[in-house]
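Going by our numbering, the first residue of the sequence shown is number 1, and it counts up by one from there. We treat Cβ as the ideally placed atom computed from N, Cα and C, and that holds for glycine. Since we're looking at a predicted model, the values are computed, not measured.
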Amino acid sequence: MKKIFTLVASALLASAAWAGVITLDLNANINPASLEFGDNGVWTGCFNDVDYTWLEFGDGNCEFLLSHLIDGEGASWGGYYWDGFTPAIGGDKTDYGMPGSGGTWTTNFGGCMAGGGCVINEDGSVSADPAMPYLVAYYSSWAMEGPSNQVMFVNKDGATAFKPFGVYVCNHPWPYYGCVHGDGSARAFEEGDFFELKAVGVAADGTETTTSINLVEFTDGELKALNDWTFFDLSSLGEVTSVYFTLNSTDVGAYGMNTAAYFCMDKFQVEVQPTSVESVNADKQVAGVQYVNLAGMTSDKPFDGLNIVVTSYTDGTTATTKVVK
């Protein structure tokens, strides 16, 4: 059974060529205005399903929007549940799931096998800092409003196409230790087993491109795992309007994948294609209006929830705004 994560981006700049890479910065808080963490390293707002069904990070010129509870208000069931992305800190690598049991993971899900947030050093090397936040990604098959992990990238001025550049990923402790010795649901990995992260790019016409990386694999008698921040190259996906992630494991049962559906993510990077919109004004004639939802689907009518509204003018320019229906 595949576990699905979705990343949708609308890139909005002002020129005619591909711009530079823009990187998600978890220290640039918009909503919440600041991040506070509990003793277990988990963001204290994790179960707030009123103010934080979506998280926003950016600097006013561009924003990354990450879904946190895709089903909206009330979806935490009184503080017992979350899905999507949640910030965490500390890089706890403790094994809370002794062989045959996984119960204590439900309160200690803020870990990261790399040991902390991803730091890209001046020489291009990568390290982990326990004082830096990162994202824990979790997908629930119970989500009713679509894939639970969705991200939008919005820059204030322009178009909806972008090129995925890459993202740093590593194992979350729950699936990793489940692959090592089992956890009550998952079994220990054997020769030929793998735990795969796949990225799927969706173009404007609906065609898809894919690329993948194994987070854990058992080959040649050895368990190999991405327990350090590792760059996952997404450039082969090409120009897209959305990206979603799936998790796939060779450990499956009657109810689907047994391996816990978590991974850690940091420094998601996009390359955006700007369009010239500086001269857009009320005197221009509108050629058409398109609505883009969080799954990258387009329509001439607004979708329920958050929409990117792309207005095209007869002179070839566009303007983009965000609206909620």
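*Quick one: what's Asp-129 bridged to in DSSP?*
Answer is Gly-117, bridged to Asp-129.
*In three-state terms, what does DSSP make of Ser-249?*
Secondary structure of Ser-249 (DSSP, three-state): strand.
*Measure from the alpha carbon of Glu-338 to the alpha carbon of each residue in Asp-220, Lys-163, Gly-20 and Val-167, then state which is nearest.*
The first residue shown for the chain is 1 and the last is 325, placing residue 338 beyond what the model contains.
*If I'm right that Phe-165 touches Val-270 with Cβ under 8 Å, what's the distance once you round it to whole angstroms?*
Taking the Cβ atoms as the reference, Phe-165 lies roughly 6 Å from Val-270, within the contact range of under 8 Å.
*How long is the line joining the alpha carbons of Phe-232 and Gly-72, rounded to whole angstroms?*
Rounded to whole angstroms, Phe-232 to Gly-72 spans 30 Å at the Cα level.
*Within this structure, are the beta carbons of Glu-217 and Phe-194 separated by less than 7 Å?*
Closer than 7 Å, so yes.
*For Met-257, the residue or residues it bridges with in DSSP*: BP columns for Met-257 point to Val-252.
*The alpha helix (DSSP H) spanning Cys-179 covers which residue range?*
Looking at the DSSP string, the run of the alpha helix (DSSP H) that includes Cys-179 is 173 to 181.
*Can you check whether the CB of Met-113 is closer than 7 Å to the CB of Tyr-168?*
Contact: no.
_Sufficient close CB pairs (3 or more, under 8 Å) joining the segment 234 to 246 to the segment 199 to 219_ = The segment 234 to 246 makes contact with the segment 199 to 219: 3 or more CB pairs, one atom from each, lie closer than 8 Å.
_Residue burial classification, Gly-84 (beta-carbon count within 10 angstroms, cutoff 16)_ = Buried is the call here.
*Going by Cα to Cα distance, which pick from Asp-95, Ser-76, Asn-61 and Leu-197 is closest to Gly-178?*
Closest option to Gly-178, Cα to Cα, is Asp-95.
*Assign Ser-330 to one of two classes, buried (16 or more other C-beta atoms within 10 Å of its C-beta) or exposed (fewer than that).*
The shown model of the chain, from 1 to 325, leaves out residue 330, and the question about it has no answer.
*asked:* Using C-beta distances below 8 Å, list every residue in its chain close to Ser-312, excluding the 5 sequence neighbours before and after it, in chain order.
replied: Around Ser-312: Val-286, Ala-287, Gly-288, Val-289, Gln-290 and Thr-318.
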